[in-house]
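**Q** Per the working numbering, the very first residue in the first sequence carries number 2; after that it's consecutive. Just so you know, even glycine gets a beta-carbon here, dropped at the ideal spot from N, CA and C.
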Amino acid sequence: MTNLLNATFNYLWIFLNNMYWSRYFLPTLKEVPTGTEAISHQLSLRAGLVEMLTSGVYSYLPMGFKVLSKVEDIIREEMNAIGCHQLLMPALHPIEIWEKTGRDQTLKEIMITFDNKKGQRMCLGPTHEEIITDLARKFIKSYRQLPVTLYQIQTKFRDEIRTRFGIVRACEFIMKDAYSFDRDIQGLNKNYELQLSAYKKIFQRCGLDVMVVGADSGAMGGSISHEFLVTAPIGEDGVWVNKINGEIIKDEEGKAPQGEHWERKVAIELGHIFQLGTKYSESLGALYLDENGHQKPLIMGCYGIGVSRLIAAIIEVNNDSGGIIWPKEVAPFDVEILPLQATDDPTMRLSEQYYQELKSLGLDVLLDDRDESAGRKFNDADLIGIPLRIVIGKRMLAQNQVEIKIRRSGQVIAVNKDNIKEEIMKLWKT
RNA sequence: CGGGAAGUAGCGCAGUUGGCUAGCGCGCUUCGUUCGGGACGAAGAGGUCGCGGGUUCAAAUCCCGCCUUCCCGACCA
């Protein structure tokens with residue numbers, strides 16, 4: 002009985018304090034890891050977001066997973082808002098389906114293939130056009146079922162010849178891929194526009210200023226396509242920006258535009274949308290009947306976002322010498338409470354009170370209850386980059402005050418200790 | 001896949017003209033003192049020196065082969 006009570010108590014204690022740093026799993030690194038070049042690579046490792054298993058393969062540690070979840074939530078909200086439906090397709094594919102479109106050959110270089118024990122040739126999905134088209138073939142029979150757009154957020158596998166910058170180009174990464182099915186080009190255009198506007202919202206909510214650029218569709222096939230790029234020093238793509246009218250064009254092999262008003266920038270590709278047309282529906286036989294009883298191939302579009310890469314891009318453009326500066330909507334926590342002396346009772350009582358109060362207001366709160374020196378806690382706080390920080394120390398407390406520090410601006414606000422809820426909510430909403 | 005760099009404790013590094021028991025800083029454990037921007041003292045734990053072979057009385061150190069990681073190029077979200 003006593004054991005049971007103890008176990009219950011322990012469980013409850015851990016549950017209530019699950020975002021106390023001392024009980025969390027948040028290993029920060031003081032020094033820059035060897036062999037890292039990109040700021041986002043360094044900071045994602047130092048802030049305890051990810052850990053490399055082997056080149057291009059990463060674990061997301063609890064705080065990194067939290068960021069991932071928040072980004073996924075944003076994507077899900079915006080996809081659902083334009084009427085898309087989420088599903089989940091397998092990562093494991095029989096090679097036959099890829100042979101039908103010939104992409105077992107065109108994607109040979111990056112495809113991870115192997116034989117299973119039955120001697121069946123398998124691959125780990127590098128993308129899912131074939132699989133979704135197969136689903137459409139089986140279930141979409143009539144024009145009455147159109148249009149429809151399906152999407153998933155899932156792990157892709159690409160045996161990249163060269164991985165880069167940690168999570169920026171990995172062999173195993175998370176992608177949001179959506180696929181639209183229409184009866185005609187007008188429908189496709191409409192869906193394409195819906196995705197394009199949803200993409201702008203997604204990136205904006207992630208705190209990124211993206212450029213939308215017309216692009217080649219490459220191995221995807223189809224005609225029209227657009228890329229979503231964000232300028233960053235580690236960008237793998239070049240673009241030309243017209244300083245006069247804001248026009249942006251992709252930098253393709255040596256075709257530099259004329260004039261001094263064109264400026265070259267490098268950027269990271271975060272999303273790519275394509276009008277596929279009937280390439281996949283024809284080769285896989287995904288046909289529907291129109292109102293005249295004629296069999297026609299489905300008109301398709303596909304729409305991708307590199308979700309894990311997006312996190313790297315966010316860090317790449319939101320940091321300072323101290324560490325990450327999370328944009329509000331994707332921050333792993335909204336508020337960090339930083340008591341300076343973990344051994345001081347009044348300090349800790351107030352910290353715990355704030356923790357409970359702010360949580361009950363729906364905020365995501367981290368309490369750094371570790372008995373560490375002030376300098377170390379401050380530096381860790383800068384590193385992990387939570388937007389709002391409440392600092393509680395004896396000196397201020399003697400005057401009934403605590404401090405709020407805004408990570409991005411560095412602004413420090415002294416607040417009466419009894420007004421913290423109101424002040425935090427006010428700052429949170431701006 | 002071509003070109004370059006690097007693998008020594010969890011992390012960052014020194015040691016490499018062959019030579020004692022492989023070292024430093026950070027981190028970790030214990031005790032004490034501290035406590036508003038990476039504190040101090042004392043005592044500890046932690047290593048197949050990337051792997052395999054060779055040369056030698058003796059190899060982290062020299063030779064050969066391999067593996068891994070990072071960076072630059074061709075492809076992609």
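State the Cα-Cα distance for the pair His227 and Thr344, rounded to the nearest angstrom.
**A** 56 angstroms
**Q** Please work out which residues of its chain come closer than 8 angstroms, Cβ to Cβ, to Gln402, disregarding the five sequence neighbours upstream and downstream, and give them in chain order.
**A** Correct list, in chain order: Ala415, Val416, Asn417 and Lys418.
**Q** Could you compute how far the alpha carbon of Lys101 sits from the alpha carbon of Arg145?
**A** 27 angstroms
**Q** Ignore the nearest five residues each way along the sequence and tell me which others in Glu131's own chain have a CB closer than 8 angstroms to its CB.
**A** His94, Ile98, Trp99, Lys101, Thr102, Arg104, Tyr281 and Leu285
**Q** In chain order, what residues of the same chain lie with their CB nearer than 8 angstroms to the CB of Lys244, ignoring the 5 residues before and after it?
**A** His262, Trp263 and Glu264
**Q** Under 8 angstroms by Cβ, that's how I've got Tyr289 and Leu151 pegged, so tell me the actual separation to the nearest angstrom.
**A** About 15 angstroms; that fails the 8 angstroms criterion.
**Q** With H, G and I counted as helix, E and B as strand and the rest as coil, what does DSSP make of Arg408?
**A** Secondary structure at Arg408: coil, using DSSP grouped into helix, strand and coil.
**Q** Note down the Cα distance separating Gln196 from Asn81, rounded to an integer number of angstroms.
**A** Going from the Cα of Gln196 to the Cα of Asn81 covers about 11 angstroms.
**Q** Which word fits Gln276, buried or exposed, when buried means at least 16 other C-beta atoms lie within 10 angstroms of its C-beta?
**A** buried
**Q** Is the CB-CB distance between Phe300 and Asp185 below 8 angstroms?
**A** What sits at residue 300 in the sequence shown is Ile, not Phe. Yes; because the gap between Cβ atoms is below 8 angstroms, this pair is in contact.
**Q** Regarding Ser181 and the ligand COA, is the C-beta to nearest heavy atom distance less than 7 angstroms?
**A** Among the components of this structure there are no ligands whatsoever, and the ligand COA is therefore not found.
**Q** Give me the DSSP bridge partner(s) of Leu367.
**A** Glu337
**Q** For Pro298 and Ala92, what's the separation of their Cα atoms in angstroms?
**A** 26 angstroms
**Q** Check Ala415 in the structure and name its three-state DSSP category.
**A** strand
**Q** In the DSSP assignment, find the unbroken alpha helix (DSSP H) run with Met349 in it and report its ends.
**A** Asp346 to Ser361
**Q** Given this structure, state the Cα-to-Cα distance separating Cys207 from Thr37, to the nearest angstrom.
**A** Whole-angstrom Cα-Cα distance: 24 angstroms.
**Q** Could you please give me the residues that DSSP links to Leu230 through a beta bridge?
**A** Met212 and Glu270
**Q** Give the C-beta separation of Met20 and Leu368 to the nearest angstrom, bearing in mind that I take them to be a contact with Cβ-Cβ under 8 angstroms.
**A** 6 angstroms
**Q** Can you list, in chain order, the residues of its chain whose CB lies under 6 angstroms from that of His42, leaving out five sequence neighbours each side?
**A** Phe166 and Gly167
**Q** Are there 16 or more other CB atoms within 10 angstroms of the CB of Ala233, so buried, or fewer, so exposed?
**A** buried
**Q** If we count Cβ pairs, one from each stretch, closer than 8 angstroms, do we get three or more for the region 245-261 versus the region 54-63?
**A** no
**Q** Just reading off the alpha helix (DSSP H) that Ser70 is part of, what are its end residues?
**A** From DSSP, the alpha helix (DSSP H) with Ser70 extends over Pro63 to Ala82.
**Q** Can you give me the start and stop residues for the beta strand (DSSP E) that Gly188 sits inside?
**A** Not the beta strand (DSSP E): Gly188 falls in the alpha helix (DSSP H), residues Ile186 to Arg206.
**Q** How close, in whole Å, do the beta carbons of Glu161 and Ile235 come, if the pair is a contact with beta carbons under 8 angstroms?
**A** That pair is no contact at about 15 angstroms.
**Q** Can you look up Gly376 in the DSSP assignment and give me helix, strand or coil?
**A** helix
**Q** Please classify Ala399 as buried or exposed, where buried requires at least 16 other C-beta atoms within 10 Å of its C-beta.
**A** Classified as exposed, Ala399 has fewer than 16 neighbouring CB atoms from the shown chains inside 10 Å of its CB.
**Q** Taking only runs of the alpha helix (DSSP H) that begin and end inside the region 292-340, which ones reach a length of at least 4 residues, in chain order?
**A** 308-318
**Q** Looking at the strands, I want to know which residues DSSP matches up with Pro95.
**A** Met123
**Q** Between Leu69 and Ile203, is the Cβ-Cβ spacing less than 8 angstroms?
**A** no
**Q** Are Val336 and Ile425 close, meaning C-beta to C-beta below 8 angstroms?
**A** yes
**Q** Counting only the same chain and skipping the five closest in sequence on each side, list residues whose C-beta sits under 6 angstroms from that of Ile225.
**A** The residues are Gln276.
**Q** From this set, Gly120, Met112 and Phe26, which residue's C-alpha is nearest Lys157's C-alpha?
**A** Met112
**Q** Indicate whether the contact test is met: 3 or more Cβ pairs, each with one atom in the region 322-337 and one in the region 179-194, closer than 8 angstroms.
**A** no
**Q** For Leu109, count neighbouring C-beta atoms within 10 Å of its own C-beta (all shown protein chains included) and say buried if the count is 16 or more, exposed if not.
**A** One detail in the question is off: residue 109 reads as Lys in this sequence, not Leu. With fewer than 16 other Cβ atoms within 10 Å, it is exposed.
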